[in-house]
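Student: Quick one: the structure is below, questions incoming.
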Amino acid sequence: MSLDVPLATVSSSEVQQVTEKSTRFNISEMLRSMDPLVWHKVAAVSGMAAVGLGAYGSHVFKPKNLAYKDVWQTAALYHLIHSAALLSAPMVKHPHIFGGLLTTGILAFSGTCYLVAVLEDRKYSALAPFGGFAFIAAWGSLLF
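Mapping to the working numbering: the sequence shown position 34 is 913, numbers consecutive.
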């Protein structure tokens, strides 16, 4: 049994245009379509983590080598300061660049410092300079 339903005619050029549009990845379009206020949510989560990790470092964390307590406190300080800075991301000219670099810095710098402090081993500190560079780049991005 066959159905005699007419099919819509679509030219091959129309199919090609749709395919090109759907497969082309344009990061600038994606960033423009993102809501800048997403950085308030990132700041909220990061700020809660910073306060919690700072409290843990002050009250619970007891490393064998007390120098690692200072490493933890440095991580918590930079984490909290840059979490607060994330609140301003929606107000800057390039919010996603600023917010993305700050978040990268928090994860790479503070995250590495937390790991080094917990493991009491500086051999895991290789990522920290990249986090520091991300912080510097974030602040520098405000110039443009």
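Here a beta-carbon is modelled for each residue, glycine too, at the ideal position from N, C-alpha and C.
Can you give me the C-alpha to C-alpha distance between M913 and P969, rounded to a whole angstrom?
Tutor: Position 34 of the sequence shown, counted from the start, is the residue given in the question as residue 913. Position 90 of the sequence shown, counted from the start, is the residue given in the question as residue 969. The straight-line gap from Cα to Cα measures roughly 11 Å.
Student: Three or more C-beta pairs closer than 8 Å, one from the segment 922–929 and one from the segment 940–953: is that the case here?
Tutor: The answer is no - the segment 940–953 does not touch the segment 922–929, with fewer than three Cβ pairs under 8 Å.
Student: Classify I1015 as buried or exposed, calling it buried when 16 or more other Cβ atoms lie within 10 Å of its own Cβ.
Tutor: For the purposes of this step, residue 1015 is taken as residue 136 along the sequence shown, with counting starting at 1. I1015 comes out exposed.
Student: Which term fits P1008, buried or exposed, when burial requires 16 or more other beta carbons within 10 angstroms of its beta carbon?
Tutor: Stepping through the sequence shown from its first residue, residue 1008 is reached at position 129. The residue in question, P1008, is exposed, as its Cβ has fewer than 16 Cβ neighbours within 10 Å.
Student: Using the C-alpha atoms, what's the distance from S937 back to G1019?
Tutor: Taking the first residue of the sequence shown as position 1, residue 1019 is located at position 140. Taking the first residue of the sequence shown as position 1, residue 937 is located at position 58. Going from the Cα of G1019 to the Cα of S937 covers about 32 Å.
Student: List, from N- to C-terminal side, the beta strand (DSSP E) runs of 3 residues or more that fit wholly inside the segment 931–1009.
Tutor: Entirely contained in the segment 931–1009, not one beta strand (DSSP E) run reaches 3 residues.
Student: Taking Cβ positions, are A1017 and L956 nearer each other than 8 Å?
Tutor: Here residue 1017 is taken as the residue at index 138 of the sequence shown, counted from 1. Here residue 956 is taken as the residue at index 77 of the sequence shown, counted from 1. Cβ atoms of A1017 and L956: not closer than 8 Å.
Student: On a CA-only basis, which of S967, G1011, G984, Y993 is nearest L1021? Give me that one, please.
Tutor: For the purposes of this step, residue 1021 is taken as residue 142 along the sequence shown, with counting starting at 1. Taking only the C-alpha atoms, the option nearest L1021 is S967.
Student: Under a three-way DSSP split, which group does M909 fall into?
Tutor: Against the sequence shown, residue 909 aligns to sequence position 30. The answer is helix: DSSP assigns M909 an H, G or I state.
Student: Does DSSP put F1023 in a helix, in a strand, or in coil?
Tutor: Sequence index remark: in the sequence shown, residue 1023 carries index 144 (1-based). Looking at F1023 - three-state DSSP - the assignment turns out to be coil, as it is neither helix nor strand.
Student: Output the distance between the C-alpha atoms of V921 and V971, rounded to the nearest integer angstrom.
Tutor: Against the sequence shown, residue 921 aligns to sequence position 42. Against the sequence shown, residue 971 aligns to sequence position 92. Between V921 and V971, the C-alpha separation is close to 16 Å.
Student: List the whole-angstrom C-beta distance separating Y993 from A963, where the pair is believed to meet the contact cut-off of C-beta under 8 Å.
Tutor: Walking along the sequence shown from the start, residue 993 turns up at place 114. Walking along the sequence shown from the start, residue 963 turns up at place 84. Not a contact, Cβ separation roughly 18 Å.
Student: Going by beta-carbon coordinates alone, are L959 and A987 separated by less than 8 Å?
Tutor: Start at 1 with the first residue of the sequence shown, and residue 959 comes out as number 80. Start at 1 with the first residue of the sequence shown, and residue 987 comes out as number 108. Their beta carbons are not under 8 Å apart, which means L959 does not touch A987 by this criterion.
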